[in-house]
Every structure is written in C-alpha cells, then in structure tokens.
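First the structure, in the form of structure tokens, and then the observations on it.
Number of protein chains: 2
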Amino acid sequence: MDTSTTSPINKEKIQSISKLFKVISDPTRLSILFLLQKEELSVGSISLALDIEQSAISHQLRTLRESRLVKARREGKSMIYSLDDLHVFSILDQVLTHINELEK
Amino acid sequence: MDTSTTSPINKEKIQSISKLFKVISDPTRLSILFLLQKEELSVGSISLALDIEQSAISHQLRTLRESRLVKARREGKSMIYSLDDLHVFSILDQVLTHINELEK
DNA sequence: TAAACATATGAATTGAATTTCATATGTAAA
DNA sequence: TTTACATATGAAATTCAATTCATATGTTTA
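Just so you know, the protein sequences line up as chains A and B, in that order.
Under the UniProt record's numbering, think of the first position of the first sequence as 1, with each following residue one higher.
Under the UniProt record's numbering, think of the first position of the second sequence as 1, with each following residue one higher.
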C-alpha cells in the first residue's frame, strides 16, 4: 500500500506527473475525454457537440493522442476517436469525489 | 461505485476539475507538495530545498493555500507551511501508479 | 479526374501563468 | 527604536499554451 508516494520523488517523476496533469487540466481536453467515455466519435461530431472549431479540436486530439489517452482509426473520410486509457477515469473519478467533498 | 463519472458532466464540473488539475500540474507546486508530505517547512526551507527564489515559492504557496491544499501558521519570523488536504495524495498516488504502468 | 468532404497542420495571434525585481509588511533582537 | 531577518506582494518581463486562420493532405463520389 502507498508504495509510490513513500519512495523518494525525483525530478523526472515530478515532470511525468506534471505532464499528465497538464494534459487533463485543459477544459477542452477534459470535455473530449468525458464525451468519449460514452461513445467513440468523429472529429466533426466532437466539434459539433462542444461547439468548438474543428481545428482546435484536432489540435487537442493530437495532444491527447500523444499522451496515449485516446486513439484514432480512419472510417471513410472520418477519423473516429476513442479512449485508449481507461485508467485515467479512475483518477477523474477520485477527483470528482474530492471536489464533491470540498463543496460540502 | 463509479457514481461520479456516470452522472452527466456539466460545464461547472469540468471547470472545477480543470482548476484542481491546473494547480497540481505545475512542477514547482508539485515539488512543494511532495516536500510537505514528509514534514512541515518554512518558506525559506522550501526555497532552499528546491533551489527556487523565495518570491517564486511564496507566490506558489499562495496558490496552494487558495486551493486549500496547504495551510500556514506563523512561528516567530517564519511562516510554517503544511499540508491541508491529504486526499490529494491518494490522487497523486494513483497517478504515480498510472505512470509506472505506462513506463512498462 | 475533378469536386466535395473530413481532418490535420504550420504559423500567427491571443491569452494566461510563472518568474523576477523591487519593495512593503511584520516580527524579533540588538 | 533602529537594524536585521523572513515572508508577502504588485508590477513588469518572460515563458508557455490555446485558438484561429489559411491551407495542405487524404478519401470518397460524381
């Protein structure tokens, strides 16, 4: 239990953690992740659902892909995105719990 | 189980999550949190330990205080900072696990 | 194979967050 | 009660990330 936080934290670990949190701290990227939790979606559908420009979505999807949080496959003219990392949601789940407690 | 993420996510929730992640995504703030996990420390000691300017540390401590992640008390000329939210570490712990798994 | 559609991408723009610098505030000691 | 010490703070400078804009790339259909 608690093996990770008791071991000394070095700079590389800090950087990795920081990197992951940065990725999931942007509202647009978070929204995309929550959308994809329900179903896989094309870039256009995401853009439409969130009312954010196609280009902005595409840029953010790239970031999410590079962090291996989502993956893509082509389907005709469209690119279909889906979650590639379900573990993130156990983290998001904890954060939601955390936030709910703060709000009490 | 999984009560939070299955319920629909609204914009305010996204904002709250985003906000918390932003706070704990900065390397300096993360380092401070990990330092304080071991022991409470004065501003000067933190500055020394991390080799970051006193003023920068002070600014970041303010951010952490405003998010109620740390608290402070005066002791003579010094301000002693300590963790105010242990829940964050269960999140950090999960992220470390997550990162370790990605590295495999 | 030209036109239409969907997505990706590079560069410019905009906006926000972090650090630095100078200095103010608060406490203790000489 | 002046000086030294510890921290906080506002503003400027710097750095970094997100969005927009224009256009390129890739795929399908007429």
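Glycine is no exception: its CB is placed at the ideal position from the N, C-alpha and C atoms.
From a predicted model like this one, the values you see are computed outputs, not experimental measurements.
Non-local C-beta neighbours of B/S58 in its own chain, meaning closer than 8 Å and more than five positions away in sequence, comprise V43, ordered along the chain. A/R29 is classed as buried because its beta carbon has at least 16 other beta carbons within 10 Å across all chains shown.
For A/I80, the enclosing beta strand (DSSP E) stretches over residues 78-83. Taking the C-beta atoms as reference points, A/V88 is found nearer than 8 Å to A/I24. Every alpha helix (DSSP H) stretch that sits fully inside the UniProt domain "HTH arsR-type" (9-103) of chain B and reaches 4 residues is listed by chain position as 11-23, 27-38, 43-50, 54-66, 87-102.
When Cβ-Cβ separations below 8 Å define contact, A/S47 makes no contact with chain B.
The alpha carbon of A/I9 has as its nearest neighbour, out of B/K19, B/E40, B/L96, B/S18, the alpha carbon of B/L96. The Cβ-Cβ distance between B/Q60 and B/I17 does not fall below 8 Å. Going by beta carbons, A/L41 and A/I91 fall outside the 8 Å limit. Residues of chain B whose Cβ lies closer than 7 Å to the Cβ of A/V70 do not exist; the shortest such Cβ separation is about 14 Å. Contact residues of the stretch 11-27 of chain B toward chain A are K11, K13, I14, Q15, S16, I17, S18, K19, L20, F21, K22, V23, I24, S25, D26, P27 (C-beta to C-beta distance below 9 Å).
Using a 10 angstroms sphere on the CB of A/Q94, the tally of other CB atoms reaches 16 or more, which defines it as buried. Taking C-alpha positions only, A/F21 is separated from B/I46 by approximately 22 Å. Among the residues facing chain B, A/L50 is not included, as its CB has no counterpart in that chain under 8 Å away. Residue contact check for B/S82 against chain A: no CB pair falls below 8 Å.
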